[in-house]
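Step one of this worksheet: look at the structure below.
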Amino acid sequence: MAGGVWGRGRDGPVGSLTLTALAEGIRANQGQPVGPSSTGPQAEHLELRPEAETYTQTLTPAFEAQPGNEVVAPTAGNESCSPDSAQESAPERLYQYPWEEGTLADLALYTAACLEDAGYAGTQATALTLSSALEARGQRLEDQVHGLVRGLLAQVPSLAEGRPRRAALRVLSALALEHAQDVVCALLPSSLPPDRAAAELWRSLSRNQRVNGQVLVRLLWALKGSAGPEPEALAATRALGEMLAVSGCVGATRGFYPHLLLALVTQLHELAQGAHSPDSPKVWEPSQRGPPHSHASCTVEALKALLTGDGGRMVVTCMEQAGGWRRLVGAHTHLEGVLLLASAMVAHADHHLRGLFADLLPQLRSTNNQQRLTAMAFFTGLLQSQPTARLLREEVILERLRTWQVDPEPTVRWLGLLGLGNLAMNHGKIRHVNTLLPVLLRALGDGDARLVDAALGALRRLLLQQGAPLRLLSSELRPRLPPLLDDARDSVRASAVGLLGTLVRRGQRGLRLGLRGPLRKLVLQSLVPLLLRLHDSSQDAAESSEWTLARCDRALRWGLLEEMVTVAHYDSPEALSRVCHRLVQRYPSHVQHFLSQTQGYLRSPQDTLRRAATVLIGFLVYHASPNGVSQDLLDSLFQDLRQLQSDPESAVSSAAQVSAQQVALLARARVQRRSPRLFRFLRHHSHPTRPHPLYEDSPFLRRSLAGRWSCPELC
Numbered sequence: 009m010a011g012g013v014w015g016r017g018r019d020g021p022v023g024s025l026t027l028t029a030l031a032e033g034i035r036a037n038q039g040q041p042v043g044p045s046s047t048g049p050q051a052e053h054l055e056l057r058p059e060a061e062t063y064t065q066t067l068t069p070a071f072e073a074q075p076g077n078e079v080v081a082p083t084a085g086n087e088s089c090s091p092d093s094a095q096e097s098a099p100e101r102l103y104q105y106p107w108e109e110g111t112l113a114d115l116a117l118y119t120a121a122c123l124e125d126a127g128y129a130g131t132q133a134t135a136l137t138l139s140s141a142l143e144a145r146g147q148r149l150e151d152q153v154h155g156l157v158r159g160l161l162a163q164v165p166s167l168a169e170g171r172p173r174r175a176a177l178r179v180l181s182a183l184a185l186e187h188a189q190d191v192v193c194a195l196l197p198s199s200l201p202p203d204r205a206a207a208e209l210w211r212s213l214s215r216n217q218r219v220n221g222q223v224l225v226r227l228l229w230a231l232k233g234s235a236g237p238e239p240e241a242l243a244a245t246r247a248l249g250e251m252l253a254v255s256g257c258v259g260a261t262r263g264f265y266p267h268l269l270l271a272l273v274t275q276l277h278e279l280a281q282g283a284h285s286p287d288s289p290k291v292w293e294p295s296q297r298g299p300p301h302s303h304a305s306c307t308v309e310a311l312k313a314l315l316t317g318d319g320g321r322m323v324v325t326c327m328e329q330a331g332g333w334r335r336l337v338g339a340h341t342h343l344e345g346v347l348l349l350a351s352a353m354v355a356h357a358d359h360h361l362r363g364l365f366a367d368l369l370p371q372l373r374s375t376n377n378q379q380r381l382t383a384m385a386f387f388t389g390l391l392q393s394q395p396t397a398r399l400l401r402e403e404v405i406l407e408r409l410r411t412w413q414v415d416p417e418p419t420v421r422w423l424g425l426l427g428l429g430n431l432a433m434n435h436g437k438i439r440h441v442n443t444l445l446p447v448l449l450r451a452l453g454d455g456d457a458r459l460v461d462a463a464l465g466a467l468r469r470l471l472l473q474q475g476a477p478l479r480l481l482s483s484e485l486r487p488r489l490p491p492l493l494d495d496a497r498d499s500v501r502a503s504a505v506g507l508l509g510t511l512v513r514r515g516q517r518g519l520r521l522g523l524r525g526p527l528r529k530l531v532l533q534s535l536v537p538l539l540l541r542l543h544d545s546s547q548d549a550a551e552s553s554e555w556t557l558a559r560c561d562r563a564l565r566w567g568l569l570e571e572m573v574t575v576a577h578y579d580s581p582e583a584l585s586r587v588c589h590r591l592v593q594r595y596p597s598h599v600q601h602f603l604s605q606t607q608g609y610l611r612s613p614q615d616t617l618r619r620a621a622t623v624l625i626g627f628l629v630y631h632a633s634p635n636g637v638s639q640d641l642l643d644s645l646f647q648d649l650r651q652l653q654s655d656p657e658s659a660v661s662s663a664a665q666v667s668a669q670q671v672a673l674l675a676r677a678r679v680q681r682r683s684p685r686l687f688r689f690l691r692h693h694s695h696p697t698r699p700h701p702l703y704e705d706s707p708f709l710r711r712s713l714a715g716r717w718s719c720p721e722l723c
């Protein structure tokens, strides 16, 4: 039977045995009554439809004599016959043969042959007859459908494009209309690894609007029914990708769209957790050409197709621009990707948020860790939508997020902090500040950088609300924020500096009037770290420091914006000298504190910070009054600068020599002012004024636009 009827030309001889006669013959072979009544309602339905007679074709003599088969030659040659005449002659024309899988495979192909010229009515009539024939065998219908589907998988690739292939695909759709579960179960094993014929069959099911909804639901059950990335779930994911890629198929997901979306995202989490396994396939990068080769990439493509087909093209675009798809497939970044997806949906696909939010609630207490964390991340992200958050009472949401803060797992506490920040971003939630603030301030001392970043971000959102308690926040942050400006974690430094800038921006009116005592003290306490962090090795921290200094300059009216920008981008000693001169003039009583703070950076592991601190000390000392700095501090500075003169970095050692000379000159001037006699003795042996410090160009930053952008014409 290999090759079946499709191995022969359509011009060969054909028999007169119809499918109805075949059903009768099967019953006769099994000793069952023969006749119209034995075929049941299917045969009765067939007889009442004249189109069945029109579209029922004769089978080819492919059931020729084979070992173990006895064939009775047809008497009608190429002549077609009606169902009645076929039933009358069936017992005389049938033959006996073993019903093996190959025979069932060819039966499916013969059915397709009968439907080549048939429309929908003919398809339905023949499918009912086929079901009657299969049920008459006295075996499980599921096994027979599996055999038919396997036959289609084997033979469809060899079919010619056009009517033969379309007819065979209509057979599959007709079977799926009555036996969707069996068809899905039969096709799934061929979807893993990917099979081109299986992909074509899935797409054909997707195009049939009468069956695609049933098939999608059963694929969703297969996806959610397996614990972890089991083969059945992976095969269902690939099948979903094939079906959802067909235009117009997403409309069939109405009613279970949120379930499907959550199932796909959870599947990505499970795949990401197993991505470190040596047997797992390599994750497909979007920049690579060709089809995706990993389960994760196929799941991403299915998710994209689901979003795009439902009008979520902007969601897909936002995820691509933010690197969200790459985060979703990462073992350590999956939850970040979920948060990005939730934010994009809040902005561009709010019509599904309520259903999605409702489906999340039961999963928040799931025993499956991946499912629970994915649901938590979605829940956290969707709190950005005020209408969605209103589905639950505010007290219930707050209590849930506070419960997460005592969870032993840092990831849960991190998501809870993000949720508090998103909740604070909604209007009308500022009255919960007494609940939010203690939790956020306590998280600033956590050892997990994600929690500190989340707390800083939530505090920043809180500051952006109308009526934010600026004085309270300034008082609470004054002892907690300065240590974070020098934190060893780059992200924490950048976030802390940004929070300070936001605080200054919101309180600038009071700073101008001198009414923000705690905030003014916090700014002066953080001034040196901000100046030095302009040279931070972290680009985010450096840019955040520049932004915050600009806010301070505007609020306190220093008039140093141009100088600070020049220091940040060109490391100009002249600009830094002007900054130090203005600060010494405005805050002479703080010079001692400025120098003490700067001295702590002389031991920084970053070469850029050691040199920046050395230069800053030199200019502060140069502009300082001899009475403004204690002798003990000068001695300590001189000792540290002498040690730096042997620094392995030449830029640091040369700057230390210049700054040490400035410290020595200030100490001498201090002695001269205190001892008039000694001053008269030394004035003939020293310069009457201290020389301006001159530092070599910094090797750490490019100093011109030509260097930065490789544009020689800008020199």
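The letter at position 615 of the sequence shown is residue 623 when you use my numbering, and the numbering goes up by one with no holes.
Positions of the beta carbon are idealized from the N, C-alpha and C atoms, including for glycine.
DSSP-derived helix/strand/coil call for residue i
{"i": "Asn-216", "result": "coil"}
{"i": "Ser-633", "result": "coil"}
{"i": "Gln-474", "result": "coil"}
{"i": "Gln-516", "result": "helix"}
{"i": "His-340", "result": "coil"}
{"i": "Pro-266", "result": "helix"}
{"i": "Trp-555", "result": "helix"}
{"i": "Leu-347", "result": "helix"}
{"i": "Phe-708", "result": "coil"}
{"i": "Tyr-703", "result": "coil"}
{"i": "Asp-561", "result": "helix"}
{"i": "Tyr-609", "result": "helix"}
{"i": "Asp-494", "result": "coil"}
Euclidean distance between Cα positions of residue i and residue j
{"i": "Leu-311", "j": "Val-258", "result": "11 Å"}
{"i": "Ala-620", "j": "Leu-540", "result": "6 Å"}
{"i": "Leu-727", "j": "Leu-381", "result": "Nothing about residue 727 can be read from this structure; the chain reaches only from 9 to 723."}
{"i": "Arg-488", "j": "Ser-534", "result": "12 Å"}
{"i": "Gln-275", "j": "Ser-198", "result": "20 Å"}
{"i": "Pro-699", "j": "Ser-482", "result": "41 Å"}
{"i": "Asn-377", "j": "Ala-463", "result": "24 Å"}
{"i": "Val-254", "j": "Leu-213", "result": "10 Å"}
{"i": "Phe-708", "j": "Asp-494", "result": "20 Å"}
{"i": "Pro-202", "j": "Gly-331", "result": "27 Å"}
{"i": "Leu-347", "j": "Phe-386", "result": "6 Å"}
{"i": "Thr-616", "j": "Gln-516", "result": "31 Å"}
{"i": "Tyr-703", "j": "Ile-625", "result": "12 Å"}
{"i": "Trp-229", "j": "Ala-176", "result": "27 Å"}
Exposed unless 16 or more other CB atoms sit within 10 angstroms - verdict on residue i
{"i": "Val-404", "result": "exposed"}
{"i": "Leu-678", "result": "Leu is not the amino acid found at residue 678; the sequence shown has Arg there. It counts as buried."}
{"i": "Asp-358", "result": "exposed"}
{"i": "Gly-170", "result": "exposed"}
{"i": "Asn-442", "result": "exposed"}
Beta-carbon contacts of residue i that lie in its chain and below 6 Å, excluding the five residues immediately before and after
{"i": "Lys-232", "result": "Ala-271"}
{"i": "Ala-664", "result": "Thr-622, Leu-649, Leu-652, Gln-653"}
{"i": "Pro-418", "result": "Asp-456"}
{"i": "Arg-501", "result": "Asp-495, Ala-549"}
Top-ranked residue by Cα proximity to residue i, from the options
{"i": "Gln-600", "options": "His-631, Tyr-578, Thr-574, Ser-585", "result": "His-631"}
{"i": "Val-629", "options": "Asn-377, Gln-379, Cys-588", "result": "Cys-588"}
{"i": "Ala-207", "options": "Glu-571, Leu-160, Ala-502", "result": "Leu-160"}
{"i": "Arg-618", "options": "Ser-661, Arg-468, Ala-397", "result": "Ser-661"}
{"i": "Arg-218", "options": "Arg-590, Glu-240, Val-191, Ser-181", "result": "Ser-181"}
{"i": "Arg-398", "options": "Ala-366, Ala-549, Gln-607, Arg-421", "result": "Ala-366"}
{"i": "Leu-196", "options": "Arg-246, Arg-178, Ala-162, Arg-173", "result": "Arg-246"}
{"i": "Thr-411", "options": "Ala-205, Val-447, Ala-675", "result": "Val-447"}
Chain-order list of residues whose beta-carbon lies under 7 Å from that of residue i (same chain, five-residue window excluded)
{"i": "Leu-532", "result": "Tyr-595, His-598"}
{"i": "Ser-706", "result": "Asp-579, Arg-619, Ala-659"}
{"i": "Ser-585", "result": "Phe-627"}
{"i": "Asp-454", "result": "Val-460"}
Cβ-based neighbour list, residue i, same chain, cut-off 8 Å, excluding 5 preceding and 5 following
{"i": "Ser-374", "result": "Arg-380, Ala-383"}
{"i": "Glu-484", "result": "Leu-445, Leu-449"}
{"i": "Ala-350", "result": "Ala-385, Phe-386, Thr-388, Gly-389, Leu-390, Gln-392"}
Cβ-heavy atom distance, residue i to the ligand COA, below 7 Å
{"i": "Gln-600", "result": "Among the components of this structure there are no ligands whatsoever, and the ligand COA is therefore not found."}
Short CB-CB distance (under 8 Å) between residue i and chain C
{"i": "Arg-373", "result": "No chain C appears in the structure shown, which is made up of a single protein chain."}
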